[in-house]
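Chemist: Chains as they are written, first to last, in the working numbering: chain E, 6 to 217; chain C, 6 to 217.
Here a beta-carbon is modelled for each residue, glycine too, at the ideal position from N, C-alpha and C.
A quick note: this is a predicted structure, and the numbers were derived from the prediction, not measured.
A single structure is presented below for examination.
Protein chains: 2
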Amino acid sequence: MSDTTELGADPTDTHEAIMCGTYQALREHGYAGLSIQRIADETDLSKSTFYHHFDGKDEILLSFADYILEQFTWGLRIGSTGDPVRDLYTFLDLTLGIHPSDGDSPNTEERLATYLELRSQAIHDPEFRDKFTEMSDGYVDHLVPILQDGIDQGVFADVDPEQTARFLLAIVDGIIVEVTTRTDDQRPVLWNALEAYIEESIITAHPQRADS
Amino acid sequence: MSDTTELGADPTDTHEAIMCGTYQALREHGYAGLSIQRIADETDLSKSTFYHHFDGKDEILLSFADYILEQFTWGLRIGSTGDPVRDLYTFLDLTLGIHPSDGDSPNTEERLATYLELRSQAIHDPEFRDKFTEMSDGYVDHLVPILQDGIDQGVFADVDPEQTARFLLAIVDGIIVEVTTRTDDQRPVLWNALEAYIEESIITAHPQRADS
Chain E
6 MSDTTELGAD
16 PTDTHEAIMC
26 GTYQALREHG
36 YAGLSIQRIA
46 DETDLSKSTF
56 YHHFDGKDEI
66 LLSFADYILE
76 QFTWGLRIGS
86 TGDPVRDLYT
96 FLDLTLGIHP
106 SDGDSPNTEE
116 RLATYLELRS
126 QAIHDPEFRD
136 KFTEMSDGYV
146 DHLVPILQDG
156 IDQGVFADVD
166 PEQTARFLLA
176 IVDGIIVEVT
186 TRTDDQRPVL
196 WNALEAYIEE
206 SIITAHPQRA
216 DS
Chain C
6 MSDTTELGAD
16 PTDTHEAIMC
26 GTYQALREHG
36 YAGLSIQRIA
46 DETDLSKSTF
56 YHHFDGKDEI
66 LLSFADYILE
76 QFTWGLRIGS
86 TGDPVRDLYT
96 FLDLTLGIHP
106 SDGDSPNTEE
116 RLATYLELRS
126 QAIHDPEFRD
136 KFTEMSDGYV
146 DHLVPILQDG
156 IDQGVFADVD
166 PEQTARFLLA
176 IVDGIIVEVT
186 TRTDDQRPVL
196 WNALEAYIEE
206 SIITAHPQRA
216 DS
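So, in structure tokens, the structure goes:
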């Protein structure tokens with residue numbers, strides 16, 4: 006990244022502006038329709054500023070993937086509450102957005118759509134594939150101790166923690182596909198189904214859960 | 006579509022050649038990297054032949070989506086065997102490819118990757134969104150009677166057939182995301198997890214299943 010910035014702006018601010026512009030352009034035009042011009046149109050920056058910071062569109066998009074993955078994974082830094090049921094639902098809230106019946110931030114679908122758009126680039130792009138494999142494995146490393154803790158406490162059934170963690174991630178990804186690529190909103194029915202799966206297949210008791 | 010074809014070929018053959026070329030070009034370059042030139046490079050046809058048949062790239066890709074969805078949904082025409090467990094697993098075999106431990110057709114991952122690549126276009130493209138909503142609802146219409154049949158026979162637990170069908174589709178989509186966008190092969194662990202879910206949450210008995 007160059008430290009030459011337009012209008013004397015802080016380089017960090019310029020980078021942030023480029024990332025925000027990329028987010029907006031991706032939402033409007035999709036990955037296949039992205040261009041540096043279209044990203045620049047979403048910012049107050051000139052195309053030449055972009056070339057001070059990045060070699061080209063591909064480099065911007067890789068940097069944008071890091072920017073988004075950072076946002077998706079910050080929640081992993083939250084420590085355990087000691088209640089594995091609560092920790093499990095907190096993880097699902099963070100990856101899927103808040104339960105729709107509890108109210109929802111207005112941009113949840115946009116955020117999930119951006120995630121799926123970037124993730125589908127991993128089909129062809131080995132650098133994206135590496136990034137998302139690392140992200141998913143980070144999720145597994147977060148979930149396995151939660152599941153193991155629940156098993157040890159007798160709150161969860163004696164499931165295989167890693168297999169169950171990977172299955173939960175697949176379910177999360179599948180719900181994201183359904184939520185972002187259909188004409189209707191499948192979140193209520195799929196969230197109910199996910200809760201039913203967790204209640205029937207993972208949780209055996211709620212000795213420590215405070216529901217009220 | 007025009008009936009003017011190159012080399013006097015049958016228009017159906019020309020359409021098929023364009024679809025096959027599109028499939029190859031999509032595998033090589035991804036959706037964002039597609040162009041009519043790149044599709045033409047995968048065929049013996051000239052670019053002008055493409056413009057006889059289609060108005061442009063977007064129209065080719067919509068037609069290609071129909072072509073792929075037709076291949077994905079032909080299995081829905083298979084009638085019930087009367088054994089809901091077998092019917093359920095046949096459906097999953099068709100949507101996910103054969104169980105990896107039973108041997109696998111070499112192009113399963115490519116086929117699933119093509120599906121995900123097209124499906125992710127539905128994030129931005131209302132025509133793709135309509136197509137995939139219709140496809141998914143067709144899957145639900147296929148699964149619900151299988152689940153209801155199993156419940157009526159006492160083979161399946163008393164699940165909500167539509168919610169369970171939609172959850173199964175989300176799981177299938179999530180497994181497709183994991184299988185096509187990571188650096189390793191998650192199929193064995195995810196298929197085992199899917200079987201465990203079906204055995205624990207859906208199937209209550211196997212009175213009619215012939216496992217041998």
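When Cβ atoms are compared, which residues of the stretch 192-204 of chain C fall closer than 9 Å to chain E?
Modeler: Listed by position along the chain: Val-194, Leu-195, Asn-197, Ala-198, Leu-199, Ala-201 and Tyr-202.
Chemist: Taking all protein chains shown into account, do 16 or more other C-beta atoms lie within 10 angstroms of the C-beta of Glu-64 of chain C, making it buried, or fewer, making it exposed?
Modeler: Residue mapping note: residue 64 of chain C aligns to position 59 of the second sequence, counting from 1. So Glu-64 of chain C ends up on the exposed side.
Chemist: Can you grab the Cα-Cα spacing for the pair Thr-169 of chain C / Val-194 of chain C, in whole Å?
Modeler: Position 164 of the second sequence holds residue 169 of chain C. Position 189 of the second sequence holds residue 194 of chain C. In a straight line, the C-alpha of Thr-169 of chain C is about 21 Å away from that of Val-194 of chain C.
Chemist: Have a look at Ala-70 of chain C and Thr-209 of chain E and give me their C-alpha separation to the nearest angstrom.
Modeler: Mapped onto the second sequence, residue 70 of chain C falls at position 65. Mapped onto the first sequence, residue 209 of chain E falls at position 204. If I take the Cα positions, the gap works out to 44 Å.
Chemist: Return the chain-ordered ranges of every beta strand (DSSP E) run that is complete within the stretch 148-203 of chain C and spans a minimum of 3 residues.
Modeler: Within the stretch 148-203 of chain C, no complete beta strand (DSSP E) run reaches 3 residues.
Chemist: Would you grab the beta carbon distance between Ser-85 of chain C and Asp-146 of chain C for me? Rounded to a whole angstrom, and I think it's under 8 Å.
Modeler: Against the second sequence, residue 85 of chain C aligns to sequence position 80. Against the second sequence, residue 146 of chain C aligns to sequence position 141. So it is not a contact: roughly 13 Å between Cβ atoms.
Chemist: Taking 6 Å as the limit between beta carbons, can you name the residues of its chain near Thr-113 of chain C, skipping five residues before and five after?
Modeler: Your numbering for residue 113 of chain C matches position 108 in the second sequence. Closer than 6 Å at the Cβ level, and outside the excluded window around Thr-113 of chain C, lie Gly-102.
Chemist: Return the residues of the stretch 30-45 of chain C that lie within a Cβ-Cβ distance of less than 8 Å from chain E, sorted by chain order.
Modeler: Residues passing the 8 Å Cβ filter: His-34, Gly-35, Tyr-36, Ala-37, Gly-38 and Leu-39.
Chemist: Is His-58 of chain C close to chain E, meaning its C-beta is less than 8 Å from at least one C-beta of that chain?
Modeler: In the second sequence, counting from the first residue as 1, residue 58 of chain C sits at position 53. By this cut-off, His-58 of chain C is not an interface position.
Chemist: Which residues in chain E sit within 8 Å of Gly-102 of chain C, going by Cβ to Cβ distance?
Modeler: For this step, residue 102 of chain C is matched to residue 97 along the second sequence. Those do not exist, as Gly-102 of chain C stays about 15 Å from chain E at its closest Cβ, beyond 8 Å.
Chemist: How many angstroms separate the CA atom of Glu-122 of chain C from the CA atom of Leu-74 of chain E?
Modeler: Taking the second sequence and counting its residues from 1, the one referred to as residue 122 of chain C is at position 117. Taking the first sequence and counting its residues from 1, the one referred to as residue 74 of chain E is at position 69. Those two C-alpha atoms are separated by around 20 Å.
Chemist: Hey, how far is the Cα of Arg-124 of chain E from the Cα of Asp-163 of chain E?
Modeler: Residue numbering aside, residue 124 of chain E sits at position 119 when the first sequence is read from its first letter. Residue numbering aside, residue 163 of chain E sits at position 158 when the first sequence is read from its first letter. Taking the straight line from one Cα to the other gives about 32 Å.
Chemist: Below 8 Å, can you find three or more Cβ-Cβ pairs linking the stretch 130-137 of chain C to the stretch 183-197 of chain E?
Modeler: At 8 Å Cβ cutoff, the stretches touch.
Chemist: Just to confirm before moving on: does the CB-CB distance between Phe-172 of chain C and Ala-175 of chain E stay below 8 Å?
Modeler: The residue labelled residue 172 of chain C in the question sits at position 167 within the second sequence. The residue labelled residue 175 of chain E in the question sits at position 170 within the first sequence. In this structure, Ala-175 of chain E does not lie closer than 8 Å to Phe-172 of chain C by Cβ.
Chemist: Below 8 Å on the Cβ atoms is my contact criterion, and I expect Ile-151 of chain E with Phe-77 of chain E to pass it. Report the Cβ-Cβ distance as a whole number of Å.
Modeler: Translated into positions along the first sequence, residue 151 of chain E becomes position 146. Translated into positions along the first sequence, residue 77 of chain E becomes position 72. That belief does not hold up - the Cβ atoms of Ile-151 of chain E and Phe-77 of chain E are roughly 17 Å apart, past 8 Å.
Chemist: When burial is assigned at 16 or more other CB atoms within 10 Å of the CB, is Asp-18 of chain C buried or exposed?
Modeler: Working through the second sequence from its first residue, we reach residue 18 of chain C at position 13. Flag for Asp-18 of chain C reads exposed.
Chemist: Are Val-182 of chain C and Asp-178 of chain E touching if we call contact CB-CB under 8 Å?
Modeler: Here residue 182 of chain C refers to the residue found at position 177 of the second sequence. Here residue 178 of chain E refers to the residue found at position 173 of the first sequence. Yes; because the gap between Cβ atoms is below 8 Å, this pair is in contact.
Chemist: Please work out which residues of its chain come closer than 8 Å, Cβ to Cβ, to Cys-25 of chain E, disregarding the five sequence neighbours upstream and downstream, and give them in chain order.
Modeler: Numbered from its first residue, the first sequence carries residue 25 of chain E at position 20. Same-chain partners within the cutoff: Glu-47 and Thr-48.
Chemist: So, helix, strand or coil for Ile-41 of chain C, using DSSP?
Modeler: If you number the second sequence from 1, residue 41 of chain C lands on position 36. DSSP places Ile-41 of chain C in helix when its eight states are reduced to three.
Chemist: Classify Pro-131 of chain C as buried or exposed, calling it buried when 16 or more other Cβ atoms lie within 10 Å of its own Cβ.
Modeler: Looking up residue 131 of chain C in the second sequence gives position 126. Exposed: under 16 other Cβ atoms inside 10 Å.
Chemist: Considering Cα atoms alone, identify which of C:Arg-91, C:Asp-142, C:Gly-35 and C:Ala-118 is closest to Ile-203 of chain C.
Modeler: Residue numbering aside, residue 203 of chain C sits at position 198 when the second sequence is read from its first letter. For the residues C:Arg-91, C:Asp-142, C:Gly-35 and C:Ala-118, the minimum Cα distance to Ile-203 of chain C belongs to C:Arg-91.
Chemist: Nearest by alpha-carbon distance to Ala-22 of chain E: which of E:Tyr-36, E:Ala-37, E:His-34 and E:Ser-68 is it?
Modeler: Working through the first sequence from its first residue, we reach residue 22 of chain E at position 17. Out of E:Tyr-36, E:Ala-37, E:His-34 and E:Ser-68, E:Ser-68 has the C-alpha closest to the C-alpha of Ala-22 of chain E.
Chemist: List the residues of chain C that Thr-188 of chain E touches, going by C-beta distances under 7 Å, in chain order.
Modeler: Numbered from 1 along the first sequence, position 183 holds the residue referred to as residue 188 of chain E. Here the neighbours are Arg-134, Asp-135 and Thr-138.
Chemist: Answer yes or no: does any C-beta atom of chain E fall closer than 8 Å to that of Thr-209 of chain C?
Modeler: On the second sequence, residue 209 of chain C is found 204 positions in, with the first residue counted as 1. No, its Cβ sits nowhere closer than 8 Å to a Cβ of chain E.
Chemist: If we define contact as Cβ-Cβ less than 8 Å, is Gln-168 of chain E a contact residue for chain C?
Modeler: In the first sequence, the residue the question calls residue 168 of chain E occupies position 163. Chain C contact via Cβ: present.
Chemist: Along the stretch 113-130 of chain C, where does the CB come closer than 8 Å to a CB of chain E? Name the residues.
Modeler: Residues Ala-118, Leu-121, Glu-122, Arg-124, Ser-125, Gln-126, Ala-127, Ile-128, His-129 and Asp-130.
Chemist: Helix, strand or coil for Ile-208 of chain C per DSSP?
Modeler: Start at 1 with the first residue of the second sequence, and residue 208 of chain C comes out as number 203. Correct three-state label for Ile-208 of chain C: strand.
Chemist: By DSSP, does Gly-143 of chain E sit in helix, in strand, or in coil?
Modeler: The sequence position of residue 143 of chain E within the first sequence is 138, counting from 1. Helix.
Chemist: Output needed for Pro-89 of chain C: all residues of its chain with C-beta closer than 6 Å, excluding positions within five of it in sequence on either side, in chain order.
Modeler: The residue given as residue 89 of chain C occupies position 84 in the second sequence. Cβ within range, chain order: Ile-151, Asp-154, Gly-155 and Val-160.
Chemist: For the ligand GTP, is there any heavy atom lying closer than 7 Å to the beta carbon of Gly-87 of chain C?
Modeler: Although the ligand GTP was asked about, the structure shown includes no ligands whatsoever.
Chemist: Which residues in the same chain have their Cβ closer than 6 Å to the Cβ of Met-6 of chain C, if we skip the five residues on either side of it in sequence?
Modeler: Translated into the one-based positions of the second sequence, residue 6 of chain C becomes position 1. Note on Met-6 of chain C: pLDDT 42, under 50, position unreliable in the model; the coordinate value appears next. Taken in chain order, the residues that qualify are His-58.
Chemist: Between Val-160 of chain C and chain E, is any beta-carbon pair separated by less than 8 Å?
Modeler: Taking the first residue of the second sequence as 1, we reach residue 160 of chain C at position 155. False, the Cβ-Cβ gap to chain E never drops below 8 Å.
Chemist: Which runs of the beta strand (DSSP E), 3 residues or longer, sit entirely within the stretch 13-92 of chain C?
Modeler: Runs of the beta strand (DSSP E) inside the stretch 13-92 of chain C: none found.
Chemist: Excluding the five sequence neighbours on either side, which residues of its own chain have a C-beta within less than 7 Å of the C-beta of Gln-29 of chain E, listed in chain order?
Modeler: To locate residue 29 of chain E, count along the first sequence from 1; it is residue 24. So the list reads Glu-47, once near-sequence residues are dropped.
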